[in-house]
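S.K.: Encoded as structure tokens, here's the structure I'll be asking about.
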Amino acid sequence: MKDTPAPAPDAGPRRPGAAALTALGLGAAPLSPADASPHSFPDGGSWRTEVPSVEGPEALGVVLKESARLDVPVHRVSQGSGVWMLSDAEITEMVEGCAERDIELCLFTGPRGTWDTGASVRTDSGGAGLRSRGHDALAGCVEDALRATGLGVKCLLVADEGVLWTLHRLRGQGVLPADTTFKVSALIGPVNPASYAVFEQLGADSINIPSDLTLAQFTEIRRVSRAPMDLYIEAPDDLGGFVRMYEVAELIRRGAPLYLKFGLSRAPGIYPYGQHLRELALATAKERVRRGRLALDLLARHGADGDMAALGTRLPGPLNRFEISS
Numbered sequence: 033m034k035d036t037p038a039p040a041p042d043a044g045p046r047r048p049g050a051a052a053l054t055a056l057g058l059g060a061a062p063l064s065p066a067d068a069s070p071h072s073f074p075d076g077g078s079w080r081t082e083v084p085s086v087e088g089p090e091a092l093g094v095v096l097k098e099s100a101r102l103d104v105p106v107h108r109v110s111q112g113s114g115v116w117m118l119s120d121a122e123i124t125e126m127v128e129g130c131a132e133r134d135i136e137l138c139l140f141t142g143p144r145g146t147w148d149t150g151a152s153v154r155t156d157s158g159g160a161g162l163r164s165r166g167h168d169a170l171a172g173c174v175e176d177a178l179r180a181t182g183l184g185v186k187c188l189l190v191a192d193e194g195v196l197w198t199l200h201r202l203r204g205q206g207v208l209p210a211d212t213t214f215k216v217s218a219l220i221g222p223v224n225p226a227s228y229a230v231f232e233q234l235g236a237d238s239i240n241i242p243s244d245l246t247l248a249q250f251t252e253i254r255r256v257s258r259a260p261m262d263l264y265i266e267a268p269d270d271l272g273g274f275v276r277m278y279e280v281a282e283l284i285r286r287g288a289p290l291y292l293k294f295g296l297s298r299a300p301g302i303y304p305y306g307q308h309l310r311e312l313a314l315a316t317a318k319e320r321v322r323r324g325r326l327a328l329d330l331l332a333r334h335g336a337d338g339d340m341a342a343l344g345t346r347l348p349g350p351l352n353r354f355e356i357s358s
């Protein structure tokens with residue numbers, strides 16, 4: 033049996049099954065350089081990694097231990113239950129644990145529509161979704177932001193355009209530290225170039241996009257914005273359960289600068305997290321890191337694992353913003 037021929041040295045990253053399919057007359061169409069993103073992180077890297085749904089210090093410990101064991105580089109960990117579900121001591125422990133490994137910690141802000149008293153989110157239409165309903169919910173998000181940053185958290189997750197703009201204004205006034213970054217939740221993620229650009233101008237430093245956007249739609253977004261994308265390579269079931277492992281190299285090529293998020297399909301939800309969900313939270317934290325190893329191994333097999341941003345980097349670089357009036 034003949035060995036599968038290796039790509040020529042100047043052929044670039046290998047595409048899945050390329051040589052074998054080409055030999056059968058089933059080769060894929062050539063990639064167009066015009067589809068590639070012209071953008072990168074400030075250090076020139078194309079991608080960073082994120083482990084989501086790290087709900088407390090114990091889960092963080094699992095992620096740190098497993099990422100060291102499997103040699104999975106981690107740029108950021110994020111939590112989904114919210115700042116309000118963690119004590120000061122727990123937040124401090126997570127801040128210190130991440131600082132030891134130079135990993136960015138991102139915590140979710142405040143009350144949101146899925147958990148408050150509004151009934152419309154329970155309807156088939158979904159109502160306003162995660163958005164913060166009323167002044168009190170907005171105020172709760174601000175309270176969470178002030179508390180978290182006061183304890184050393186440098187990244188906040190938001191699920192409402194008004195909350196984003198408010199926190200961005202507070203950052204501009206120095207009420208929140210200037211190096212605080214804001215990450216837009218996947219549950220309100222934009223699905224077209226214009227809306228993506230609006231989130232950037234409202235103050236977003238990285239923006240989750242839904243995992244079902246097409247490759248062409250990645251390119252469309254990159255023609256109008258360089259704000260980093262966050263993307264579940266494997267999406268939780270409530271976000272569709274999509275698994276796009278074999279597309280990782282092309283997702284990076286089109287979407288850079290891009291955070292590769294290692295989610296899990298076929299896993300029960302754990303928000304809002306508490307000790308009653310401990311075993312599930314720890315098991316899924318461990319498996320998310322393993323999923324990351326699988327994605328990185330695939331990139332390496334295809335010769336597409338270069339251009340990772342340096343570990344310890346977190347800022348997005350210059351972005352377009354709406355003017356903040358006094």
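Mapping the sequence shown onto our numbering, position 69 (from 1) lands on 101, and the numbers just tick up by one.
Even glycine gets a Cβ: it sits at the ideal position worked out from N, Cα and C.
Using a Cβ-Cβ cut-off of 8 angstroms (strictly less than) and excluding sequence neighbours within five positions of MET277, which residues of its own chain qualify?
M.R.: Position 245 of the sequence shown, counted from the first residue, corresponds to residue 277. The answer, listed in chain order, is ILE265, GLU266, LEU326, ALA327 and LEU330.
S.K.: For the beta strand (DSSP E) containing ILE284, list its first residue and its last residue.
M.R.: Here residue 284 refers to the residue found at position 252 when the sequence shown is read from its first residue. No beta strand (DSSP E) contains ILE284, which is instead part of the alpha helix (DSSP H) from 280 to 287.
S.K.: Can you grab the Cα-Cα spacing for the pair LEU199 / LEU208, in whole Å?
M.R.: Mapped onto the sequence shown, residue 199 falls at position 167. Mapped onto the sequence shown, residue 208 falls at position 176. Spanning the two alpha carbons is a distance of roughly 8 angstroms.
S.K.: Let me confirm a value: ARG255 is counted as buried when at least 16 other C-beta atoms fall within 10 Å, else exposed. Which label applies?
M.R.: As a position in the sequence shown, residue 255 is number 223, starting the count at 1. Counting Cβ neighbours within 10 Å, ARG255 comes out exposed, since fewer than 16 surround it.
S.K.: Check whether the segment 182 to 202 and the segment 211 to 222 touch, using three or more Cβ-Cβ pairs below 8 angstroms as the test.
M.R.: As far as the Cβ criterion goes, the segment 182 to 202 touches the segment 211 to 222, which means the pair count is three or higher.
S.K.: Determine the closest residue to ARG163 out of THR141, LEU290, GLY49 and GLY204, with distance taken between C-alpha atoms.
M.R.: Here the question's residue 163 lines up with position 131 in the sequence shown. Nearest C-alpha to ARG163: THR141.
S.K.: Going by the beta-carbon positions, is the gap between PRO105 and LEU314 smaller than 9 angstroms?
M.R.: Mapped onto the sequence shown, residue 105 falls at position 73. Mapped onto the sequence shown, residue 314 falls at position 282. Cβ atoms of PRO105 and LEU314: not closer than 9 angstroms.
S.K.: What's the C-alpha gap between ALA121 and ARG320?
M.R.: Counting from one through the sequence shown, the residue named residue 121 turns up at place 89. Counting from one through the sequence shown, the residue named residue 320 turns up at place 288. Each residue's Cα considered, the two are about 25 angstroms apart.
S.K.: Which value, in whole angstroms, describes the spacing of the CA atoms of ASP35 and ALA50?
M.R.: In the sequence shown, the residue the question calls residue 35 occupies position 3. In the sequence shown, the residue the question calls residue 50 occupies position 18. Annotation note: pLDDT 41 at ASP35 (below 50); position unreliable, no value reported.
S.K.: Return the bridge partner residues of CYS138 from the DSSP annotation.
M.R.: Taking the sequence shown and counting its residues from 1, the one referred to as residue 138 is at position 106. Bridge partners of CYS138: SER110 and CYS187.
S.K.: Going by alpha carbons, who is nearest to ASP75 out of GLU98, GLU355, GLY93 and ARG346?
M.R.: Numbered from its first residue, the sequence shown carries residue 75 at position 43. Measuring from the Cα of ASP75, the nearest candidate turns out to be ARG346.
S.K.: Can you tell me whether SER257 is helix, strand or coil according to DSSP?
M.R.: Position 225 of the sequence shown, counted from the start, is the residue given in the question as residue 257. DSSP places SER257 in coil when its eight states are reduced to three.
S.K.: Measure how close the beta-carbons of LEU351 and ALA259 come, nearest whole angstrom, since I'm counting them as under 8 angstroms.
M.R.: Working through the sequence shown from its first residue, we reach residue 351 at position 319. Working through the sequence shown from its first residue, we reach residue 259 at position 227. Confirmed, about 5 angstroms.
S.K.: Using alpha carbons as the reference points, say which of GLY287, ARG133, GLY324 and ALA336 lies closest to ASP67.
M.R.: Numbered from its first residue, the sequence shown carries residue 67 at position 35. Ranking the options by Cα distance to ASP67, first place goes to GLY287.
S.K.: Under the rule that 16 or more other beta-carbon atoms within 10 Å means buried, what is ARG353, buried or exposed?
M.R.: In the sequence shown, residue 353 corresponds to position 321, counting from 1. Burial call: exposed.
S.K.: Counting only runs that start and end within the segment 58 to 135, where is the beta strand (DSSP E) found for 3 or more residues in a row?
M.R.: Segments of the beta strand (DSSP E) lying fully in the segment 58 to 135: 79 to 83 and 108 to 110.
S.K.: Do LEU118 and GLY88 have their C-beta atoms closer together than 9 angstroms?
M.R.: Position 86 of the sequence shown, counting from 1, holds the residue named residue 118. Position 56 of the sequence shown, counting from 1, holds the residue named residue 88. For LEU118 and GLY88, yes; Cβs fall inside 9 angstroms.
S.K.: So, with DSSP's three-state summary, where would you put PHE354?
M.R.: Sequence index remark: in the sequence shown, residue 354 carries index 322 (1-based). Three-state result, PHE354: coil.
S.K.: Is ASN240 buried or exposed, if buried means 16 or more other CB atoms sit within 10 Å of its CB?
M.R.: Along the sequence shown, read from residue 1 onward, the residue named residue 240 stands at position 208. It is buried - the Cβ of ASN240 has at least 16 other Cβ atoms within 10 Å.
S.K.: For the alpha helix (DSSP H) containing SER164, name the first residue and the last one.
M.R.: In the sequence shown, the residue the question calls residue 164 occupies position 132. Neither: SER164 is in no alpha helix (DSSP H) and is coded neither H nor E.
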